[in-house]
Structures are given as C-alpha cells and as structure tokens.
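Q: Have a look at this one before I ask anything.
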Amino acid sequence: MRRSQGPRGRWHARPGTRRRLRVTLDRRGLALVIIGVVLLIAAYSVPRSELLYAGSLLIGLPLLAFAFIRFRRRSWGVARRFSPPVAEAGSPVAVTVEVRNLASTPTGESTWRDEWPWAPHGTPSARLAPLQRNRGVLGASSATTVDYVLQPPMRGVFDVGPLVVEVSDPFALARGEIVVGATQKLVVTPRVVALPIVGQSMPADDGTARALQRRNVGGGDDLMTREYRHGDPLRRVHWKATARQGELMVRQEEQRSHAQARIVLDTRKTGYHDAVPKSVDEPESDSFEWAIAFTASLTFHLQRIGYTVEVIETGDRQLTLPDHPEEFLESLAAASLVDGPPRRMVVSLPNQGSLGSIFAVVADAEPHTVERLVAQRPQFDSAIAFVVNPHSDLVIAPLRASGWTCVAVRPTDDLAAVWLAAIELREANRARA
Numbered sequence: 017m018r019r020s021q022g023p024r025g026r027w028h029a030r031p032g033t034r035r036r037l038r039v040t041l042d043r044r045g046l047a048l049v050i051i052g053v054v055l056l057i058a059a060y061s062v063p064r065s066e067l068l069y070a071g072s073l074l075i076g077l078p079l080l081a082f083a084f085i086r087f088r089r090r091s092w093g094v095a096r097r098f099s100p101p102v103a104e105a106g107s108p109v110a111v112t113v114e115v116r117n118l119a120s121t122p123t124g125e126s127t128w129r130d131e132w133p134w135a136p137h138g139t140p141s142a143r144l145a146p147l148q149r150n151r152g153v154l155g156a157s158s159a160t161t162v163d164y165v166l167q168p169p170m171r172g173v174f175d176v177g178p179l180v181v182e183v184s185d186p187f188a189l190a191r192g193e194i195v196v197g198a199t200q201k202l203v204v205t206p207r208v209v210a211l212p213i214v215g216q217s218m219p220a221d222d223g224t225a226r227a228l229q230r231r232n233v234g235g236g237d238d239l240m241t242r243e244y245r246h247g248d249p250l251r252r253v254h255w256k257a258t259a260r261q262g263e264l265m266v267r268q269e270e271q272r273s274h275a276q277a278r279i280v281l282d283t284r285k286t287g288y289h290d291a292v293p294k295s296v297d298e299p300e301s302d303s304f305e306w307a308i309a310f311t312a313s314l315t316f317h318l319q320r321i322g323y324t325v326e327v328i329e330t331g332d333r334q335l336t337l338p339d340h341p342e343e344f345l346e347s348l349a350a351a352s353l354v355d356g357p358p359r360r361m362v363v364s365l366p367n368q369g370s371l372g373s374i375f376a377v378v379a380d381a382e383p384h385t386v387e388r389l390v391a392q393r394p395q396f397d398s399a400i401a402f403v404v405n406p407h408s409d410l411v412i413a414p415l416r417a418s419g420w421t422c423v424a425v426r427p428t429d430d431l432a433a434v435w436l437a438a439i440e441l442r443e444a445n446r447a448r449a
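Using our numbering, read the sequence shown as starting at 17 and increasing by one per residue.
The following block contains the structure:
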C-alpha cells in the first residue's frame, strides 16, 4: 500500500459518518487501571494518602483517554475509485481511497483498513497520516489518498467497505474503531475466455453485417417473433403469436441468414443438484458458475465470427441483450438461480424453416426443459448441448437421440478445451451421418 493518486477511473463519494464507534482501553490503559485499583486497596490497608492519590491518578488517566476518544467530534469523507470500474472474476482491481477530514479540528495519528466479503475480508491495518482541519475545497492538507489491490474470486455484485479508521489518544491508553463512509457496489463479471476459431466448423459465412433488417414490413416466411421486452414499440406486437403463446410477443423480422445463434441457459434452481443457499463468499452452484462463464465466452465468440446471438433463459428474465456487451456482462454478474413456476421458453415458432444454430448450457435440466429442446431440434441446422456435471442420462440420452451433439463437462473443465471437444464431436457425428 502506498500514498498515490492512483490510475484513472470512476470516483464514488460517500459522506462522512459516525455510524459505529467502538472504544476500548489499550493494554497500557488496562495495566494502569489494574495498578490503580491495587494502590487504592493498599491505601485503605496501609493508611497512606500518597497511595490513594497515586491510585486515583492511575485510574483517572485511562478514563480520561476513554472519554477523549468517545466524545471528541470527528468527521471524515471518503471517495473510493475502482480501476477498472467493472471487474472480472479472478483479475486484480486497483482501489484508490481518498480520505478527507471534514471536521474543524485536525486529526491525530491513526490507522485504516478497508473491508470486503471474501477472505481475507479486508486489508491489513496501515498508517493514516494526520490531517489538518478542513479549510474548504482548497485545503489539500486536509485530505490524503491511499490505495490497494483486491482480487475478487468469483462473479457477483459485492459491497466493498466501509473504511474503518482506528484512532488513539496521545498517550495510547485507549483506542476506538470508527466506521467511515458507506459500502460501495463492485460489479464483478464472469471471466470471458477467447474460444478458438476452428476452420470453417461454424456456418457463419453471411455474418451479422450482411443480415438485412426489414423492420415493420409484413414478412410471411421471414417473420420471427420473440417475447416483448421493455422499450419495444407497441406497433411491433404480433397478436396471433401473443394469443398462441399466452404472453405478449413482438415481430422480429429479418432476411434469413445462417449467421443466427440462440443460446439456451438453464437458470432454474431445480436444474442444478449442487445448488446451495446463496452467500456472499461462496457460489450457490459450481455448475451454474461454469454455465454462466461459458455462456459469456460463447456469446462473444459467436458475435466475433459473425453471428447474431440471442440468449434465452429457462427462468425469469435477468439478462440484457448481448448487443450491448458491457450491460450484458453486468447482467451476467448479477444473475442467480431462480425458483417459481417454469417460464415458457420460446425458441422459435413452427414452420419457419432453419433458424441457424442453437446451443444449450444446462445441468440436470427439468423434463419440460429437455422436452422443449428436443422439440426444437428440427428447426436448427446445428445443435450442441453442454451438460454440466450430469447426475444421470435423463438429459443427455433424449437430446442425443433427437440429434443434439451432447458434451458432458465438469465445473473445473477449461472453457476453450470444452469448445474444441464439442466441435470435434459434432464433426464426427456429421461424418457418421
């Protein structure tokens, strides 16, 4: 840790606060109290007034130090900055913290530490330089800057902070811990791995740039629908599809291209046998964490080679469109397993011809999810299912029988290696067909 202005990034200011103050006597203060009590007892046993005065003084000094810490007015302001502003799981994040004295009196010697949810749960204590009294915005001597590096071990949205300052009296007889500022959200996205491009294994020759959009035109065979999303214009509502599906559907009209891919991500808790109650420092399912990381990597890989990608969740919608990568990654960071009734999974409508490629990232998917994937297989040129840590053949067997290429993976498997294995297996299946 060092005093530094730190890298450029985004500042988040938090007002000063005394939300919690815990004051204790230091070992030196406790020792004086004990000696003082012994002297008082001796003063009554041996009638000596000097012992009485000495004992009272030794007890009074730590009590005065305790009161000095407890009742002295202090006020700090904190501005915390992350660089990069949005982190990636397993990658270091530089944190710069500006601490400003907002009180009209200077601060003394103190130490600081910052906190976070995962082990070791905070920085070691370090010296915080004395700060002059606040003289307004031009009072640079009333502020100091400290920085450190943290490395979030997993994706999620975490509270970093609050900053804890430990103060002491001039004689180091008592000390107090004061919470400064508030916690701040750090968004940690899943780790994205660059998947290898293997020859012409994926039919993406036409590419997204050559998919001609024909909005708001009656389309016949070219008409696709998807569920309504916030912001869609009402003029695009497709009423027949809405009546058939039982939820609001909108037109999505575009000229056919093989450069279309759909990724089905199972987000239902009942589809993961290793799911446990959610906590701030442990993932709720190792299988789900692998599925999230692979979905992120696969989405950006397909976009890079020319696909238009849509991610479909089996549970309540949590993810944004992949068209906006930063927002999509941040939604993946916050995604969690969901309960409740299963969501109607609309992948395509019947009698529309080929819809390009489909990928499924599941674990022990529920029967209705498997049945839906089996029914959708004829609509796509290519179908690959990544089944994470399966406990039985109830998922792989019916998918494979319907023409899916199925790859069983473990939560510890390398994403790129799994992708290569899937392409090789699919090509082998095609060669046998």
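Here a beta-carbon is modelled for each residue, glycine too, at the ideal position from N, C-alpha and C.
Taking the continuous alpha helix (DSSP H) assigned at residue 255, which residues delimit it?
A: Numbered from 1 along the sequence shown, position 239 holds the residue referred to as residue 255. Here the alpha helix (DSSP H) through residue 255 covers 255-261.
Q: For residue 313, does the count of other Cβ atoms within 10 angstroms reach 16, so buried, or fall short, so exposed?
A: Within the sequence shown, numbered from 1, the residue matching residue 313 stands at position 297. With 16 or more Cβ atoms within 10 Å of its Cβ, residue 313 is classed as buried.
Q: Please give me, in chain order, every unbroken run of the alpha helix (DSSP H) with length at least 4 that falls completely inside the region 31-76.
A: For the region 31-76, whole alpha helix (DSSP H) runs of length 4 or above, ordered along the chain, are 43-61.
Q: For residue 367, name the three-state secondary structure that DSSP assigns.
A: Indexing the sequence shown from 1 puts residue 367 at position 351. Low confidence applies here, because residue 367 scores a pLDDT of 46, under 50, leaving its location unreliable and the question unanswered by this model.
Q: Got a sec? Which residues, its chain only, sit under 7 Å from residue 199 by beta carbon, not counting five neighbours each side?
A: Reading the sequence shown from its first residue, position 183 is the one you call residue 199. Within the same chain, residue 199 has close Cβ partners 175, 176, 177 and 178.
Q: Report the rounded CA-to-CA distance for residue 79 versus residue 72, giving the unit in angstroms.
A: Numbered from its first residue, the sequence shown carries residue 79 at position 63. Numbered from its first residue, the sequence shown carries residue 72 at position 56. Rounded to whole angstroms, residue 79 to residue 72 spans 11 Å at the Cα level.
Q: Specify, as a first and last residue, the run of the alpha helix (DSSP H) that residue 431 falls within.
A: What you label residue 431 is simply residue 415 of the sequence shown in a count that begins at 1. It spans 431-448 - the alpha helix (DSSP H) in which residue 431 sits, taken as one unbroken run.
Q: Compare the C-beta of residue 46 with all C-beta atoms of chain D and state if any pair is closer than 8 Å.
A: Here there is only one protein chain, and chain D is not present.
Q: Looking at the unbroken alpha helix (DSSP H) that takes in residue 304, where does it start and where does it end?
A: Reading the sequence shown from its first residue, position 288 is the one you call residue 304. Taken as a continuous stretch (DSSP letters only), the alpha helix (DSSP H) holding residue 304 covers 302-320.
Q: So what's residue 395 in DSSP terms, helix, strand or just coil?
A: Here residue 395 corresponds to residue number 379 of the sequence shown, with the count starting at 1. Correct three-state label for residue 395: helix.
Q: For residue 412, report the span of its alpha helix (DSSP H) as first-last.
A: One-based indexing of the sequence shown puts residue 412 at position 396. 412-417 is the span of the alpha helix (DSSP H), which, as asked, contains residue 412.
Q: In the DSSP assignment, the alpha helix (DSSP H) including residue 350 goes from what residue to what residue?
A: By 1-based counting over the sequence shown, the position of residue 350 is 334. Segment 341-350, the alpha helix (DSSP H) holding residue 350.
Q: For residue 142, I'd like the list of residues in its chain whose CB is within less than 8 Å of its CB, leaving aside the five on either flank, ordered along the chain.
A: Within the sequence shown, numbered from 1, the residue matching residue 142 stands at position 126. Excluding sequence neighbours, residue 142 sits near 17, 127, 128, 129 and 162.
Q: What does the Cβ neighbour count give for residue 123, buried or exposed, with the cut at 16 atoms within 10 Å?
A: Here residue 123 refers to the residue found at position 107 of the sequence shown. Counting Cβ neighbours within 10 Å, residue 123 comes out buried, since at least 16 surround it.
Q: CA-CA distance, residue 186 and residue 85?
A: Within the sequence shown, residue 186 is the residue found at index 170, counting from 1. Within the sequence shown, residue 85 is the residue found at index 69, counting from 1. One C-alpha to the other measures close to 10 Å.
Q: Residue range of the beta strand (DSSP E) that residue 187 falls in?
A: For the purposes of this step, residue 187 is taken as the residue at position 171 of the sequence shown. Counting along the chain, residue 187 falls outside any beta strand (DSSP E), and DSSP gives it neither H nor E.
Q: Just to confirm my understanding: we take residue 445, look at its own chain, exclude 5 residues before and 5 after, and list those with CB closer than 6 Å. What are they?
A: If you number the sequence shown from 1, residue 445 lands on position 429. Once the five neighbours on either side are set aside, the close Cβ partners of residue 445 are 421.
Q: Measure the C-alpha to C-alpha separation of residue 146 and residue 40 and round it to an integer number of angstroms.
A: Taking the first residue of the sequence shown as position 1, residue 146 is located at position 130. Taking the first residue of the sequence shown as position 1, residue 40 is located at position 24. Taking the straight line from one Cα to the other gives about 21 Å.
Q: Taking the beta carbon of residue 435 as the centre, do at least 16 other beta carbons fall within 10 Å, making it buried, or is it exposed?
A: Taking the first residue of the sequence shown as 1, we reach residue 435 at position 419. Buried, because 16 or more other Cβ atoms sit within 10 Å of the Cβ of residue 435.
Q: Please report how far the alpha carbon of residue 387 lies from the alpha carbon of residue 140, in whole angstroms.
A: The residue labelled residue 387 in the question sits at position 371 within the sequence shown. The residue labelled residue 140 in the question sits at position 124 within the sequence shown. Spanning the two alpha carbons is a distance of roughly 53 Å.
Q: Would you mind listing the beta strand (DSSP E) stretches within the region 75-103 that are 3+ residues and don't spill past its ends, in chain order?
A: Runs of the beta strand (DSSP E) inside the region 75-103: 92-99.
Q: Using a threshold of 8 Å, state whether the C-beta atoms of residue 106 and residue 349 are closer than that.
A: In the sequence shown, counting from the first residue as 1, residue 106 sits at position 90. In the sequence shown, counting from the first residue as 1, residue 349 sits at position 333. Cβ atoms of residue 106 and residue 349: not closer than 8 Å.
Q: Residue 299: buried (16+ other C-beta within 10 angstroms of its C-beta) or exposed?
A: If you number the sequence shown from 1, residue 299 lands on position 283. Answer is buried; the Cβ neighbour count reaches 16.
Q: Just the C-alpha distance for residue 281 and residue 195, rounded to the nearest angstrom, thanks.
A: As a working note, residue 281 is residue 265 in the sequence shown. As a working note, residue 195 is residue 179 in the sequence shown. Cα-Cα distance, rounded: 41 Å.
Q: What separation, rounded to the nearest whole angstrom, lies between the Cα atoms of residue 150 and residue 109?
A: Here the question's residue 150 lines up with position 134 in the sequence shown. Here the question's residue 109 lines up with position 93 in the sequence shown. Looking at the two C-alpha atoms, the distance is approximately 31 Å.
Q: Kindly give me the distance between the Cβ atoms of residue 267 and residue 252, rounded to whole angstroms, as I take these residues to be in contact under 8 Å.
A: Along the sequence shown, one-based indexing puts residue 267 at 251. Along the sequence shown, one-based indexing puts residue 252 at 236. That belief holds up - the Cβ atoms of residue 267 and residue 252 are roughly 5 Å apart, short of 8 Å.
Q: Looking at C-alpha atoms only, which residue of 67, 102 and 44 is the closest neighbour of residue 341?
A: The count along the sequence shown starts at 1 and reaches residue 341 at position 325. Among 67, 102 and 44, the Cα nearest to that of residue 341 is on 102.
Q: Whole angstroms is fine: what's the gap from residue 351's alpha carbon to residue 211's?
A: Against the sequence shown, residue 351 aligns to sequence position 335. Against the sequence shown, residue 211 aligns to sequence position 195. The straight-line gap from Cα to Cα measures roughly 22 Å.
Q: So is residue 57 buried or exposed if we call it buried at 16+ other beta carbons inside 10 Å?
A: The residue labelled residue 57 in the question sits at position 41 within the sequence shown. Classification for residue 57: exposed.
Q: Taking residue 338 as the reference, give the member of 332, 93, 136 and 323 with the closest Cα.
A: In the sequence shown, the residue the question calls residue 338 occupies position 322. Closest by alpha carbon: 323.
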